[in-house]
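Peer 1: Below are the structure tokens for one structure; questions will follow.
Numbering (the working numbering), first residue to last: 563 to 815.
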């Protein structure tokens with residue numbers, strides 16, 4: 563039995579799809595300065611600060627910069643997929659056949675969705691078969707339902723308005739629910755980041771307000787370094803997990 567294989571891309575490949583090479587370099591340089599600077603302020607150790615800053619900047623780049631961009635692109639693509647379904651319905655209501663509707667709808671969409679339609683057209687032209695399985699990667703249940711109805715419409719006919727009307731409403735509802743969910747999670751995440759920010763500022767404040775005591779603490783090199791590095795790592799991964807939860811906008815209908 564053949565197992566379905568999904569192409570997996572590395573984090574760096576994913577970043578490269580979302581950003582230009584110079585943007586990646588710019589973001590990493592900026593984050594490296596920020597993280598290295600923070601670790602140096604609390605540790606006063608250049609080599610360790612550079613190592614920790616390098617590690618932290620890469621983690622932050624993927625957890626925040628790449629993840630946020632990915633969500634924005636995904637939300638844009640969901641709206642483009644809604645436009646795709648709406649325009650397909652319009653052309654089929656006008657009496658156009660499936661092939662013509664796909665060709666005309668393709669012209670109105672973003673390049674990323676055009677490529678998906680091209681895959682369907684290739685199958686349609688070569689095998690006279692409607693294949694839309696590649697759209698499933700968008701994790702859009704209402705779109706999957708639209709494609710099932712599209713197949714029935716193509717094989718058995720029927721009123722496009724009556725067949726596609728309810729599923730278009732479902733697609734609109736699903737997108738609005740995702741947007742609402744993202745807004746709510748974004749608000750909660752901001753509160754968490756504020757608390758983490760205040761906690762993260764504590765060593766800096768101690769250094770400024772009680773510099774002599776803080777210097778004595780740092781003089782106990784091994785334990786102080788380990789403790790502060792653990793403090794930094796805990797903050798870093800707490801932010802990472804909060805961000806991951808914020809960007810999860812999948813819904814169950």
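C-beta atoms are modelled at their ideal positions from N, C-alpha and C, and glycine is treated no differently.
What separation, rounded to the nearest whole angstrom, lies between the Cα atoms of residue 763 and residue 620?
Peer 2: Approximately 21 Å, taken between the alpha carbons.
Peer 1: Just tell me which of 699, 584, 700 and 728 has its CA closest to the CA of residue 712.
Peer 2: Looking at the Cα atoms, 728 is the closest of the given residues.
Peer 1: Does the beta-carbon distance from residue 730 to residue 660 come in below 9 Å?
Peer 2: No, they are not a contact pair.
Peer 1: Flag residue 755 as yes when its Cβ comes closer than 8 Å to any non-hydrogen atom of the ligand NAD, and as no otherwise.
Peer 2: As for the ligand NAD, it is missing from this structure, which has no ligand bound.
Peer 1: Check this for me: beta carbons of residue 678 and residue 697, under 9 Å apart or not?
Peer 2: Cβ distance < 9 Å, so residue 678 and residue 697 count as in contact.
Peer 1: Do the region 785-793 and the region 603-615 meet, that is, are 3 or more Cβ pairs less than 8 Å apart?
Peer 2: A contact exists between the region 785-793 and the region 603-615.
Peer 1: Could you pull out every unbroken alpha helix (DSSP H) segment of at least 4 residues lying fully inside the region 631-681, listed in chain order?
Peer 2: Taking only runs of at least 4 residues, the alpha helix (DSSP H) segments lying wholly in the region 631-681 are 660-668.
Peer 1: For the region 664-677 and the region 734-754, state whether three or more C-beta atom pairs, one from each stretch, are separated by less than 8 Å.
Peer 2: No, the region 664-677 does not touch the region 734-754.
Peer 1: Would you kindly work out how many angstroms separate the C-alpha atoms of residue 705 and residue 732, rounded to a whole number?
Peer 2: Roughly 9 Å between the two C-alpha positions.
Peer 1: Where does residue 563 sit, in a helix, a strand or coil, going by DSSP?
Peer 2: Legend: pLDDT at residue 563 = 35, less than 50; position of this residue unreliable, value from coordinates given subsequently. Three-state result, residue 563: coil.
Peer 1: What number of angstroms, rounded off, separates the C-alpha of residue 612 from the C-alpha of residue 686?
Peer 2: The alpha-carbon atoms of residue 612 and residue 686 are separated by roughly 55 Å.
Peer 1: With distances taken from CA atoms, which of 575, 756 and 617 is nearest residue 593?
Peer 2: Ranking 575, 756 and 617 by Cα distance to residue 593 puts 617 first.
Peer 1: Quick check on residue 573: does DSSP put it in helix, strand or coil?
Peer 2: Helix.
Peer 1: Under DSSP, the alpha helix (DSSP H) around residue 732 begins and ends at which residues?
Peer 2: 722-762 is the extent of the alpha helix (DSSP H) around residue 732.
Peer 1: Just the C-alpha distance for residue 749 and residue 742, rounded to the nearest angstrom, thanks.
Peer 2: Using only the alpha carbons, I get a separation of about 11 Å.
Peer 1: Quick one, which of 766, 636, 771 and 756 has its alpha-carbon nearest residue 744's?
Peer 2: Nearest option by C-alpha distance: 636.
Peer 1: Cβ of residue 684 within 9 Å of Cβ of residue 811?
Peer 2: No.
Peer 1: Output the distance between the C-alpha atoms of residue 751 and residue 640, rounded to the nearest integer angstrom.
Peer 2: Spanning the two alpha carbons is a distance of roughly 23 Å.
Peer 1: Does DSSP put residue 616 in a helix, in a strand, or in coil?
Peer 2: Three-state result, residue 616: helix.
Peer 1: Determine the extent of the alpha helix (DSSP H) in which residue 717 is found, giving its start and end residues.
Peer 2: It spans 703-718 - the alpha helix (DSSP H) in which residue 717 sits, taken as one unbroken run.
Peer 1: In chain order, what residues of the same chain lie with their CB nearer than 7 Å to the CB of residue 655, ignoring the 5 residues before and after it?
Peer 2: Closer than 7 Å at the Cβ level, and outside the excluded window around residue 655, lie 722 and 723.
Peer 1: If you drop the 5 nearest sequence neighbours on each side, which residues of the same chain put their C-beta closer than 7 Å to that of residue 709?
Peer 2: For residue 709, where only same-chain residues beyond five positions count, the Cβ hits under 7 Å are 694 and 697.
Peer 1: When we look at the beta-carbon of residue 546 and count the other beta-carbons within 10 Å, is it buried (16 or more) or exposed?
Peer 2: Since the displayed the chain opens at 563 and closes at 815, residue 546 lies outside it and no answer follows.
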